[in-house]
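Colleague:
Residue numbers (our numbering): 847 to 1018.
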């Protein structure tokens, strides 16, 4: 037997789309380029910067590799050792000072530079300080307090470090 009443399907109800607030643009994390021949020094500097400063660190064992990396990415800071195996750190900085703005659109100058110096390079570094982009030096072997002091105005500090408070030993 046929049903004499037609089957009526309910009309689909349009549900309003949820209100989505546009996300604020995420600020780019500063990037640091480190050029130093010694792997242990590179590792110490990279780990210290990433632990105490908000940044990402790319490291290179030679000036040639550092030059290639600088042309591939934008950086906020250069850390160059004065003695590198294939060229000096100041020569690398001069080359990047010319090439860096030509490769990266919207960039008018290369980033600031900090030189890693041996005690014998102190006089040479004194001559390099005339350049406005040179922000300081750090003696090798690296020291944490000097590294943090010289990068304080260039890289944001990482907040919320979970170090336990120091309690002096009990002396009766």
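No residue lacks a Cβ here, since even glycine has one placed at the ideal position from N, Cα and C.
If you measure between the beta carbons of residue 894 and residue 993, is that distance less than 7 Å?
Modeller: On the chain shown, residue 894 is found 48 positions in, with the first residue counted as 1. On the chain shown, residue 993 is found 147 positions in, with the first residue counted as 1. For residue 894 and residue 993, yes; Cβs fall inside 7 Å.
Colleague: Looking at C-alpha atoms only, which residue of 892, 918 and 973 is the closest neighbour of residue 990?
Modeller: If you number the chain shown from 1, residue 990 lands on position 144. Nearest C-alpha to residue 990: 892.
Colleague: Once DSSP output is grouped into helix, strand and coil, what is the label at residue 900?
Modeller: Along the chain shown, one-based indexing puts residue 900 at 54. Of the three classes helix, strand and coil, the one that applies to residue 900 here is coil, per DSSP.
Colleague: Tell me the rounded alpha-carbon separation between residue 987 and residue 887.
Modeller: Counted from its first residue, the chain shown places residue 987 at position 141. Counted from its first residue, the chain shown places residue 887 at position 41. Looking at the two C-alpha atoms, the distance is approximately 7 Å.
Colleague: Using only alpha-carbon positions, find the residue among 878, 1003 and 910 that is nearest to residue 929.
Modeller: As a first step, residue 929 is located in the chain shown; it is residue number 83 there, counting from the start. Nearest option by C-alpha distance: 910.
Colleague: With distances taken from CA atoms, which of 949, 896, 921 and 908 is nearest residue 936?
Modeller: On the chain shown, residue 936 is found 90 positions in, with the first residue counted as 1. The shortest Cα separation from residue 936 among 949, 896, 921 and 908 belongs to 908.
Colleague: Could you say which of 881, 916, 897 and 913 lies nearest to residue 961 if we only look at CA atoms?
Modeller: Position 115 of the chain shown, counted from the first residue, corresponds to residue 961. Cα-wise, what sits closest to residue 961 is 881.
Colleague: Buried or exposed, going by whether 16 or more other CB atoms sit within 10 Å of the CB of residue 995?
Modeller: The sequence position of residue 995 within the chain shown is 149, counting from 1. Burial call: exposed.
Colleague: Mapping the DSSP letters down to three states, classify residue 953 as helix, strand or coil.
Modeller: Mapped onto the chain shown, residue 953 falls at position 107. If DSSP states are grouped into helix, strand and coil, residue 953 belongs with coil.
Colleague: So, at 6 Å on beta carbons, what are the nonlocal neighbours of residue 983 in its own chain, with the 5 sequence-adjacent residues on each side left out?
Modeller: By 1-based counting over the chain shown, the position of residue 983 is 137. The answer, listed in chain order, is 961, 963 and 971.
Colleague: Where do the ends of the alpha helix (DSSP H) carrying residue 995 lie?
Modeller: For the purposes of this step, residue 995 is taken as residue 149 along the chain shown, with counting starting at 1. Residue 995 -> alpha helix (DSSP H) spans 990-997.
Colleague: Quick test of your reading: residue 979 and residue 958, contact by CB under 8 Å. State the CB separation rounded to the nearest angstrom.
Modeller: The sequence position of residue 979 within the chain shown is 133, counting from 1. The sequence position of residue 958 within the chain shown is 112, counting from 1. About 5 Å separates the two Cβ atoms, so the contact holds.
Colleague: Apart from the five residues just before and just after residue 896, which ones in its own chain have a Cβ nearer than 8 Å to its Cβ?
Modeller: Translated into positions along the chain shown, residue 896 becomes position 50. Excluding sequence neighbours, residue 896 sits near 902 and 903.
Colleague: Do you know whose CA, among 874, 950 and 965, lies nearest residue 916's CA?
Modeller: Here the question's residue 916 lines up with position 70 in the chain shown. Checking every option, the nearest Cα to that of residue 916 belongs to 950.
Colleague: Under 8 Å Cβ to Cβ from residue 878, same chain only, skipping five residues before and after it: list those, please.
Modeller: Position 32 of the chain shown, counted from the first residue, corresponds to residue 878. So the list reads 895, 901, 902, 903, 904, 921, 922, 923, 924, 925 and 1001, once near-sequence residues are dropped.
Colleague: Output the boundary residues of the beta strand (DSSP E) element that contains residue 925.
Modeller: Position 79 of the chain shown, counted from the start, is the residue given in the question as residue 925. Run containing residue 925: 923-927, per the beta strand (DSSP E) assignment.
Colleague: When the Cα atoms are used, what is the spatial distance from residue 940 to residue 914?
Modeller: One-based indexing of the chain shown puts residue 940 at position 94. One-based indexing of the chain shown puts residue 914 at position 68. Each residue's Cα considered, the two are about 14 Å apart.
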